[in-house]
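Protein chains in written order, with our numbering: chain A, 27 to 251; chain B, 27 to 251. Beta carbons: idealized from backbone N, C-alpha and C, even for Gly. As the structure is a prediction and not an experimental result, all values here were calculated from the model.
Protein chains: 2
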Amino acid sequence: MAVDEIERSFESAQPADSVPQPLEGRGTFDERLNRILNAATVVIARVGYEKASMRQVVREAGVSLAGIYHYFESKEKMLFLIQFRTFNALLNGLREKLHDCSDPLDQLRVMVRNHVGYFAANMAALKVCSHELDSLSGQSYEETLAIRRQYFELVRGIVDRVHEQHAPGSSADRHVATMSLFGTLNWMYRWYDPKRGRSPTVLASQISSQFLHGILGAPAASETE
Amino acid sequence: MAVDEIERSFESAQPADSVPQPLEGRGTFDERLNRILNAATVVIARVGYEKASMRQVVREAGVSLAGIYHYFESKEKMLFLIQFRTFNALLNGLREKLHDCSDPLDQLRVMVRNHVGYFAANMAALKVCSHELDSLSGQSYEETLAIRRQYFELVRGIVDRVHEQHAPGSSADRHVATMSLFGTLNWMYRWYDPKRGRSPTVLASQISSQFLHGILGAPAASETE
DNA sequence: CCATCAATCGAACGAACGTTCGATCGCATT
DNA sequence: AATGCGATCGAACGTTCGTTCGATTGATGG
């Protein structure tokens with residue numbers, strides 16, 4: 027048993043004909059798993075993955091040190107579950123919202139708003155996803171890398187279409203622009219506090235505006251110095 | 027003894043009237059210290075500060091485990107020396123280059139070029155400075171924070187003057203713009219390899235151009251949505 | 001009423017870590 | 001030749017870590 031818990035995130039492991047009321051101590055298996063993962067996310071976001079000890083996590087989660095190993099087989103799988111779920115939620119949320127708009131400019135605004143909004147709602151989880159990108163190894167690393175690549179290609183495609191349809195002769199470099207955008211978004215956890223300052227919606231529109239002017243405002247001629 | 031080695035970075039600790047030829051095994055004290063710090067920088071950049079063990083560092087540096095403690099008193103002071111020297115070099119290099127130009131636009135281009143150029147020349151050190159910002163504590167943390175703040179205020183001032191002198195009515199947010207710029211620069215270590223791809227000078231001009239268009243291209247009226 | 005099984009826990013294990021201790025080596029001054 | 005000292009090292013110490021073991025609990029199904 028390893029990774030298959032992810033797919034049954036919204037259904038208990040008990041047979042379907044049994045009574046669905048809570049049978050165990052506090053909630054279903056998945057509810058308790060979520061509670062543990064949330065506690066782990068907070069601890070890892072606070073002190074970093076390597077420095078975060080399983081003893082800190084179980085103290086925050088309210089379970090015993092040995093008891094936590096009934097929910098995942100190792101500390102690394104715990105981090106994998108956190109990153110896998112967060113990246114998937116971010117990616118799937120963006121895909122849904124992109125169905126409603128086809129203009130590349132709108133798509134880019136939707137992408138930034140989705141990212142900033144998800145950050146504001148799950149700060150610890152997104153910090154763990156931004157800061158612990160190299161903390162996994164082997165199969166777990168490859169699996170999160172695959173999702174990250176999907177997210178990247180999706181955004182990269184939007185940037186490309188913005189460039190082609192709205193500034194076909196611009197001298198702006200689309201790869202540098204995309205990487206700058208990811209830098210801006212992944213660096214947010216260092217300074218942005220949604221509770222103190224502008225709202226996520228306002229920040230998202232500011233970032234979108236500056237980014238779009240950055241690639242659309244570039245002159246077509248060779249003015250590079 | 028703790029931090030005073032920093033100030034004598036270009037002068038040996040031996041009295042000035044003694045013969046300046048190498049007396050110890052390999053070079054002067056400061057040369058050997060630099061060699062050890064460079065090895066530590068490479069190891070920390072590769073696996074992260076917490077996961078980097080002193081045994082890995084001494085293997086890379088070619089000294090014994092106990093012998094390294096004659097150059098600093100702890101692992102944390104070792105990281106402090108790396109970050110302190112790197113931040114200082116980055117900040118002092120920028121201050122020097124800013125003496126030659128007074129136009130805010132040129133100043134911003136100089137700042138980006140200085141940062142990208144220093145990154146290309148010292149990738150491991152700048153990665154450690156970007157990724158291990160919270161790995162120090164106490165006095166060491168406060169001391170590096172003070173330099174980081176000076177660097178930030180210097181850049182923030184340039185952005186402010188760009189805004190005031192070249193786009194006085196722009197709706198762009200200067201704080202968000204500054205943070206986006208730092209995000210772009212501090213995220214470079216995740217994707218930019220100067221040996222494969224554009225040169226540091228080209229990348230710097232691309233980043234500068236997109237950033238300046240981003241804040242100068244914003245309309246004066248309230249077009250925020 | 002008994003057998004089963006998932007869930008939980010206290011206790012412990014082996015490994016790896018940062019750091020220290022005591023000794024040794026080699027140069028520089030007396 | 002003797003002395004002092006900075007530099008270096010092998011070996012060890014004490015701590016913390018992730019993980020495992022064995023036992024207990026409590027609800028479930030026959």
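The beta carbon of A198(A) sits closer than 7 Å to some beta carbon of chain B. The distance from the Cβ of G119(B) to that of Y144(B) is about 6 Å, consistent with a contact at the 8 Å cut-off. Taking 7 Å as the threshold, the shortest C-beta distance from S206(A) to chain B falls below it. Contact with chain A is absent for K221(B), since none of that chain's Cβ atoms lies less than 7 Å from the residue's Cβ.
The residue among A87(A), L238(A) and G74(A) with its C-alpha nearest the C-alpha of D199(A) is L238(A). For D132(A), the enclosing alpha helix (DSSP H) stretches over residues P130 to A147. By the Cβ-count criterion, H125(B) is exposed, with fewer than 16 other Cβ atoms from all chains shown falling within 10 Å of its own Cβ.
Along the stretch 81–100 of chain A, there is no position whose C-beta sits under 7 Å from a C-beta of chain B. Within the stretch 60–76 of chain A, V73, G74, Y75 and E76 place their CB atoms closer than 9 Å to a CB of chain B, listed in sequence order. By the neighbour-count definition (other C-beta atoms within 10 Å, threshold 16), A92(A) is an exposed residue. In summary, E190(A) is exposed, with fewer than 16 beta-carbon neighbours lying within 10 Å of its beta-carbon over all protein chains present.
The beta-carbon of N212(B) is placed less than 7 Å from the nearest beta-carbon of chain A. For the stretch 163–197 of chain A, the beta-carbon criterion of a distance under 9 Å to any beta-carbon of chain B is satisfied by S197. Secondary structure in the stretch 167–226 of chain B: no beta strand (DSSP E) run of 3 residues or longer lies completely within the stretch. Within 8 Å of the CB of I233(A), the CB atoms of chain B belong to V202 and S206, in sequence order along the chain. One Cα belongs to G195(B), the other to T170(B), and the distance between them is close to 36 Å.
Here the stretch 148–159 of chain B does not lie against the stretch 81–92 of chain B, with fewer than 3 beta-carbon pairs under 8 Å apart. Q236(A) belongs to the set of residues whose beta carbon lies under 7 Å from a beta carbon in chain B. In this chain, V89(A) is not harboured by any alpha helix (DSSP H), its DSSP state being neither H nor E. By the criterion of at least three beta-carbon pairs nearer than 8 Å, the stretch 216–228 of chain A is not in contact with the stretch 216–224 of chain B. In the structure shown, R121(B) falls within a helical segment according to DSSP collapsed to helix, strand and coil. Around the beta carbon of G164(A), fewer than 16 other beta carbons lie within 10 angstroms, which makes this residue exposed. Taking the C-beta atoms as reference points, Y75(B) is found no nearer than 7 Å to L107(B). K77(B) sits in coil when the DSSP states are folded into three classes, being neither helix nor strand. CA-to-CA, the gap between I94(A) and I173(A) works out to about 26 Å. In this structure, the straight-line span from the alpha carbon of D160(B) to that of V69(A) is close to 14 Å.
When only Cα atoms are considered, Q232(A) and V142(A) end up about 11 Å apart. Of all alpha-carbon atoms in M80(A), D132(A) and T204(A), the one lying nearest the alpha-carbon of E102(A) is that of M80(A).
If you draw a straight line from the Cα of S128(A) to the Cα of S128(B), it is about 44 Å long. In the same chain as L59(B), and ignoring 5 residues on each side of it, the C-beta atoms closer than 6 Å to its own belong to Y97, in chain order.
When the alpha-carbon of S100(B) is set against those of A115(B), A66(B) and A147(B), the nearest one is in A66(B).
In this structure, E179(A) is the residue among Q236(A), E179(A), W217(A) and R85(A) with its C-alpha nearest to the C-alpha of H201(A). Not a single C-beta of chain A is nearer than 7 Å to the C-beta of G143(B). Non-local C-beta neighbours of T112(A) in its own chain, meaning closer than 8 Å and more than five positions away in sequence, comprise N148, A151, L152, V154 and C155, ordered along the chain.
Nearest neighbour of Y177(A) by Cα position, chosen from Y218(A), A146(A), F110(A) and R85(A), turns out to be F110(A). Per DSSP, reduced to three states, the secondary structure at F98(B) is coil, with no helix or strand assignment.
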